[in-house]
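Protein chains in written order, with this note's numbering: chain A, 1 to 373; chain B, 1001 to 1373; chain C, 2001 to 2341; chain D, 3001 to 3341.
In what follows, a single structure is set out as structure tokens and then discussed.
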Amino acid sequence: MSLNVEHHAARRALPSEKPLRLLDNAGHAVTGAATGGFSLPDTETLLDLYRKMVVARRFDVQVTALTKQGRLATYPSAYGQEACEIGAVSAISADDWLFPTYRESVALLTRGIDPGDILKSFRGDWHSGYDQRSHRTSTQTTPLATQALHAVGLAHAARLRHDPIVALTFLGDGATSEGDAHEAFNFAAVWQTPTVFIVQNNQFAISVPLARQTHAATLADKAVGYGMPGFHVDGNDVAAMYAVTRAAVDRARAGGGPTLIEGLTYRIEAHTNSDDPTRYRPARDVEHWKRRDPIERLEKYLVSEGALTEATRSEITDAAEALAAHTRDVITTESELDPLELFDHVYARPRRALLEQRARLEAELAEAARNPR
Amino acid sequence: MSLNVEHHAARRALPSEKPLRLLDNAGHAVTGAATGGFSLPDTETLLDLYRKMVVARRFDVQVTALTKQGRLATYPSAYGQEACEIGAVSAISADDWLFPTYRESVALLTRGIDPGDILKSFRGDWHSGYDQRSHRTSTQTTPLATQALHAVGLAHAARLRHDPIVALTFLGDGATSEGDAHEAFNFAAVWQTPTVFIVQNNQFAISVPLARQTHAATLADKAVGYGMPGFHVDGNDVAAMYAVTRAAVDRARAGGGPTLIEGLTYRIEAHTNSDDPTRYRPARDVEHWKRRDPIERLEKYLVSEGALTEATRSEITDAAEALAAHTRDVITTESELDPLELFDHVYARPRRALLEQRARLEAELAEAARNPR
Amino acid sequence: MTATKTRTGADAASAPTELTMAGALNAALRDAMAEDDRVVVYGEDVGPLGGVFRVTDGLQERFGDERIWDSPLAESGIVGTAIGMAIYGMRPVVEMQFDAFSYPAFEQIVSHVAKMRNRTKGRVSLPLVVRIPCAGAIGGVEHHSDSSESYWASTPGLTVVMPSNPADAYSMLREAIESDDPVIFMEPKSRYWAKAPLALPVTTAPMDRALVVREGSDVTLIGYGPTVRTALEAADAAAEEGLSIEVVDLRSLSPFDDETVSASVRKTSRAAVIHEAAQFGGFGAEVAARVTERNFYHLAAPVLRITGFDIPYPSPKLEEYHLPTADRVLAALETWEWELA
Amino acid sequence: MTATKTRTGADAASAPTELTMAGALNAALRDAMAEDDRVVVYGEDVGPLGGVFRVTDGLQERFGDERIWDSPLAESGIVGTAIGMAIYGMRPVVEMQFDAFSYPAFEQIVSHVAKMRNRTKGRVSLPLVVRIPCAGAIGGVEHHSDSSESYWASTPGLTVVMPSNPADAYSMLREAIESDDPVIFMEPKSRYWAKAPLALPVTTAPMDRALVVREGSDVTLIGYGPTVRTALEAADAAAEEGLSIEVVDLRSLSPFDDETVSASVRKTSRAAVIHEAAQFGGFGAEVAARVTERNFYHLAAPVLRITGFDIPYPSPKLEEYHLPTADRVLAALETWEWELA
Ligand SMILES: Cc1ncc(C[n+]2csc(CCOP(=O)(O)OP(=O)(O)O)c2C)c(N)n1
Ligand SMILES: Cc1ncc(C[n+]2csc(CCOP(=O)(O)OP(=O)(O)O)c2C)c(N)n1
Ligand SMILES: [Mg+2]
Ligand SMILES: [Mg+2]
């Protein structure tokens, strides 16, 4: 059965060691083996990805600034990782589900979630700020790699229901070391669920470099151990991230099972605002990677193709500024929080003990209002 | 640096899909690619392995019989897996450490541990029955895959101390699905610890067949994802198990890092005495694998080589019978247990609360002795 | 679905037959699966084998392997995927083979199962059930007899229940599956083969209520799961000596039914709680603390805890010395300064 | 090594300097590493970064990366390998970055760290320390402020301690590292930057002893870690109103120093325990239960528990409503029927 043979070969195919790319750092289209057989998306798609990246970058820079002003409790920046996140997340549709980590603010933005809602958790308002159901986007998960299993479970449920949706999940290079990453890859492969794993390899887990996370040649190599296709992709090439993820999503939707995609990128900013990267990496490494900026790369290509007019450019800039302004607005507006809500969502079925505790806090607040200190 | 290139290639080498073997099922020496470049151990070594397997088989059969008589709380038989266990464990020396599961009774026997001590836990006397330190053999671990991490930690400690020992650990096919297996493989590879992982693939995790554990072509394929050498070996060929493990042990001892070895074998008996395999596998599968018996295979080879004399054979049979008799003796002797010992080993530093509880039980026992019901 | 609705069994209203707790649980799964196709069951060995305790016996044959199947051997994976399935809208019922083998799933249970609903302001609730064959007294080798209930009960966001008899096993499991809150459903292994005549479907009291299972006037013995029987045995023996013991079966550890427990304690003015787990930090501490908080001025003596020792669970031949027995309960009651009452 | 020996610090007997708790812990690790080359330290970000709380700051520079290093990011792996290292004869000190991130290591801790010595009849003891920056009040986002102590304290075989001040932090960490028993060493994050003048090496009371840190006659407030300060604040405020509060710093959760606690309670006849964790099944339940068991006839009122609510830990802007404050302590004391005293 040739089908089986092919299938079987795919189970053992080694990902290319050089990251697949469709655009090189100078913005030239790549041809030949280095593309892994993937083709450059059409210009309209690329323009759309460009627009999303520019807006996202502006958002990210704005939020980092607001965080430095003390407006947010914490913010894990995605600066420099826009291609990896946006390329991948643009390959799924609104009906598909996304299972992000705390790092994917720009993916969430791309998914149409309002900045204020994306940032609610980082502001310290509530643990998860947006409507997970209407956006089909699970919470920004902190316990590393745990969300990958949620993605597998949801995908499996959909498959049992013959619902042709896909679950896409992000996890970091550091997170691949966790047992849950392994269990997620394995369950997905054994159950052949429509799940796409994006390992966003930004080369650091807080201060710990990739070499202390794995001895494998690439993180995509892990796919072999699960009999699942793995791709090692230039994560700063949005075209490649989009094309490879798109192919994986299509395959998953068609019943072809899961895929592991490593996007090789770099974390330009600190891990979060409370981190001090000067302790563990030289500034020149950051400079080196800044020169591989994903937005500039695509911009060069679009400009060289004559696809990015000045009008479009200024329209995009305006959109980005508008979003930044909106972000400033929502973040500088005082949040309205009701401490009594702390008790309201713990259980679906109300509990007497919690109602009692709620009443106690209510009385305490009333007392404090009467006798402010 | 050619060293680096070689090393790098090893990180990505796919294990052979056909299990490596040195002796085929008819007991003929295998030549060519199927051997993976390993050579048949010398006759003396093979005879020694044969002797150990015969004795171990007799032991295992004896214990299963005693278990059926209700003399043990439980017994996970290793019938049919003697080559896998004994081939591997014979490749380490007395100074090396072994980290077994509950399944490795015959490996422990080979390591020189007394049957009575091996079986103490299965009799229900105490959780672990032998001297872990003098035998350099950790406890027969039940929580799956957890012991693999212990092996990595011990090996790493030895390496830091420039102590040229190796830690060998067994885990089952089912256990490879656990997060701890992944973490153990990864830590070993990143730290380049002298650890050898023997995945004893007996094709079942209680009732669950291998196909529901993995979608990979072989379990050895997992090695690729850690950048560690992996070998897929015929686990019923003791010569191959010994040769491949020996090479891995030597490499580890020389500072070459960990190796993953899958031994493909079959669990002939039930998972334990309380299992009912008729519920999940046809008798003909068992029959099929009985015809690939590891002991018969080696015996055919040794006989054809003229290496197994009748004298040796009867001497081995006698040794096996003596061991069986000894096993019967220790198991049919009432165990001497002191309930008060329950309190004595929980902490190194005695605790008042436990001394109080001990005194209470002591009084209770004295009272019961005075007034037997 | 609400907890009070009349349940339809797939093999509707049967005449009473002797059923073990394992059989009752099996019937509950069967009826829940027949009634609601969102109910799926998976875990280790739950398929063709029917579970190591046979609780899922015959279910795969009946419902096929898209409703009940063997997963890979990884507990975090089992619970983690169940979360995803529940987000989708299924009602997964997953099995941890023994208490100690739920520990790899600890992070998924504590950091997600318990917190998802709160985190999402109720937008994402997780109607899933984690079944845990629990506790000891079955001659199990190491790691097969842990009592993990205090870990779960002390985690806000979890509902933790433990039936002590076949009728409750059926009814409470049905209710757990129907609940929109995630439920840790603990099944005392030593009671799996205890029998009772049952006409299915049976609906007992709501699972969040404790029940007085034997009335008495002098002492309240509080048990759950396996120790309800211990308490009843002790009550029988005490009755011969003229001591009238009331026995409360907690049934639900979290939430805790203060009304029922406090009412009993106020009546008897003395209470003791019995469990297999070690005493220090065990669930009995919560019982003793809250009974005392709420009924201090009604208590004639401190609430006693009659429990396993503060040691790891012993090997099979020594477990009898560790477990609280009816004798030990009665001996403990002797330590009270009765004359003060 | 014994707990009472005089400690040598690498930078021997220094003049008192202001040291934070983080600094004291750092010094303890430094001195332990200098004194005993079996002590190795690893975990996530403990190397060049010096830990996210800087507790290991500068240690890699000083001792090199074979004594202290960054491991792969996997907590079960960290604890599991520490077990192997301890079997070999090392004395590993590993860090879990936050309480909630110790949960992936739950099985290794509960099924092995706690049980290895007992299982092997003392042949294999595990002299390892698991450091857990614990509890909340630091404005941390979800999963960064859990209080996990009751999980560990209720597990037989573990020793669980929590210092509340820099001197104890130094002394208790040294003692934990010297202990042949595995120790869960919990470090209250909100106290990391609290300062005290210290001359190192300092040896405070043995870590298994509770200490009366303020004498009083009317009420005993029992705290540990971050709530010792809360108790002291409450005592100050109460003193102004003529109420004399004695404060006990537990220091060790397991073992529990009944002598010190009971002596205080017998003196005051009233007690309350304070912790950040949720009340239900929290460690305060054990405190209340055992204080009551041992001192029932000396108590004028039930032992109070002043704790976090029974909810998942809130987001930064709401945590102040959840945490027990001195005001809340004083308000709780008002609920006693004082006239009965
Ligand atoms: C289970 C768990 N352990 C530890 C942490 C603490 N922590 C938060 S982010 C982080 C590093 C993650 O690195 P990576 O997976 O590469 O993602 P990145 O932050 O680089 O996007 C760590 C250790 C956590 N969130 N969860
Ligand atoms: C963490 C954990 N989960 C579940 C179990 C229960 N259990 C004991 S043996 C077993 C099957 C193990 O299969 P495998 O790893 O293939 O080893 P084998 O028994 O075949 O040698 C299971 C599920 C366990 N011991 N530990
Ligand atoms: Mg990273
Ligand atoms: Mg197996």
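Where a beta carbon is used, it is the ideal one built from N, C-alpha and C, also for glycine.
Bear in mind the structure is a predicted one, so any value in this text is a computation, not a measurement.
What number of angstroms, rounded off, separates the C-alpha of residue i from the C-alpha of residue j?
| i | j | result |
| --- | --- | --- |
| Ala2003 of chain C | Thr2292 of chain C | Any reading at Ala2003 of chain C must be qualified, since the residue scores a pLDDT of 40, below 50, and its modelled position is unreliable; no value is offered. |
| Gly306 of chain A | Ala10 of chain A | 39 Å |
| Gly2242 of chain C | Leu144 of chain A | 59 Å |
| Leu1323 of chain B | Arg1313 of chain B | 15 Å |
| Phe197 of chain A | Arg1021 of chain B | 36 Å |
| Gly1255 of chain B | Ala1155 of chain B | 11 Å |
| Lys3115 of chain D | Pro3156 of chain D | 8 Å |
| Leu365 of chain A | Glu3259 of chain D | 39 Å |
| Ala2341 of chain C | Ala2326 of chain C | Low confidence applies to Ala2341 of chain C: its pLDDT is 39, below 50, so where it sits in the model is not reliable enough to give any reading. |
| Leu1340 of chain B | Asp3257 of chain D | 23 Å |
| Lys1052 of chain B | Gln1062 of chain B | 15 Å |
| Tyr1079 of chain B | Leu1049 of chain B | 16 Å |
| Pro3127 of chain D | Ile3109 of chain D | 13 Å |
| His1326 of chain B | Gln1069 of chain B | 17 Å |
Can you find a heavy atom of ligand 6 that lies under 6 Å from the Cβ of residue i?
| i | result |
| --- | --- |
| Glu1082 of chain B | As far as ligands go, the structure on display features ligand 1, ligand 2, ligand 3 and ligand 4 and does not contain ligand 6. |
Going by the C-beta, is residue i closer than 6 Å to any heavy atom of ligand 3?
| i | result |
| --- | --- |
| Asp285 of chain A | no |
| Asn3118 of chain D | no |
| Asn1025 of chain B | no |
Any chance the CB of residue i is under 6 Å from a heavy atom of ligand 2?
| i | result |
| --- | --- |
| Leu308 of chain A | no |
| Pro1143 of chain B | yes |
| Arg1103 of chain B | yes |
| Ala1073 of chain B | no |
| Glu2044 of chain C | yes |
| Ala189 of chain A | no |
| Leu1149 of chain B | no |
| Ala3238 of chain D | no |
With respect to 6 Å, is the separation between the Cβ of residue i and the closest non-hydrogen atom of ligand 4 below this value?
| i | result |
| --- | --- |
| Gly1263 of chain B | no |
| Asp1173 of chain B | yes |
Quick test of your reading: residue i and residue j, contact by CB under 8 Å. State the CB separation rounded to the nearest angstrom.
| i | j | result |
| --- | --- | --- |
| Ile2024 of chain C | Pro2226 of chain C | According to the sequence displayed, residue 2024 of chain C carries Ala and not Ile. Actually they are not in contact, since the Cβ atoms of Ala2024 of chain C and Pro2226 of chain C sit about 16 Å apart, beyond 8 Å. |
| Tyr2103 of chain C | Ser2071 of chain C | With 8 Å as the limit, Tyr2103 of chain C and Ser2071 of chain C do not qualify as a contact, their Cβ atoms being about 17 Å apart. |
| Ile3177 of chain D | Ala3301 of chain D | Actually they do not touch by this definition, with Cβ atoms about 41 Å apart. |
Check whether the Cβ of residue i lies closer than 6 Å to any heavy atom of ligand 1, and answer yes or no.
| i | result |
| --- | --- |
| Phe3101 of chain D | yes |
| Ile3078 of chain D | no |
Query raised in the report: What residue ranges within the stretch 188–230 of chain A form continuous alpha helix (DSSP H) runs of no fewer than 4 residues, ordered along the chain?
Result: none
**Report entry** Complete runs of the beta strand (DSSP E) confined to the stretch 233–300 of chain A [at least 3 residues]
**Finding:** 259–264
Query raised in the report: In chain order, which alpha helix (DSSP H) runs of at least 4 residues are fully inside the stretch 47–113 of chain A?
Result: 82–89, 105–110
Query raised in the report: Is the stretch 2071–2082 of chain C touching the stretch 2049–2062 of chain C, taking contact as three or more C-beta pairs under 8 Å?
Result: no
Query raised in the report: Do three or more CB pairs link the stretch 3140–3152 of chain D to the stretch 3092–3100 of chain D at distances below 8 Å?
Result: yes
Query - Stretch-stretch touch, CB-based, cutoff 8 Å, three pairs: the stretch 1118–1126 of chain B with the stretch 2313–2328 of chain C - result: yes
Report task. Would you list, in sequence order, the uninterrupted beta strand (DSSP E) runs of no fewer than 3 residues that lie entirely inside the stretch 2229–2277 of chain C? Result -> 2245–2249, 2252–2254
Requested in this report: Say whether the stretch 41–61 of chain A touches the stretch 83–91 of chain A, bearing in mind that this needs 3 or more beta-carbon pairs closer than 8 Å, one atom from each stretch.
Outcome: Segments in contact, yes.
Query - the stretch 1029–1044 of chain B in contact with the stretch 1283–1295 of chain B per 3-pair CB rule at 8 Å - result: no
Query raised in the report: Are at least three pairs of beta-carbons, each pair with one atom in the stretch 93–103 of chain A and one in the stretch 273–287 of chain A, less than 8 Å apart?
Result: no
Requested in this report: Spell out a yes or no on whether the stretch 1187–1195 of chain B and the stretch 3115–3124 of chain D are touching, meaning 3 or more CB-CB pairs, one atom from each, closer than 8 Å.
Outcome: no
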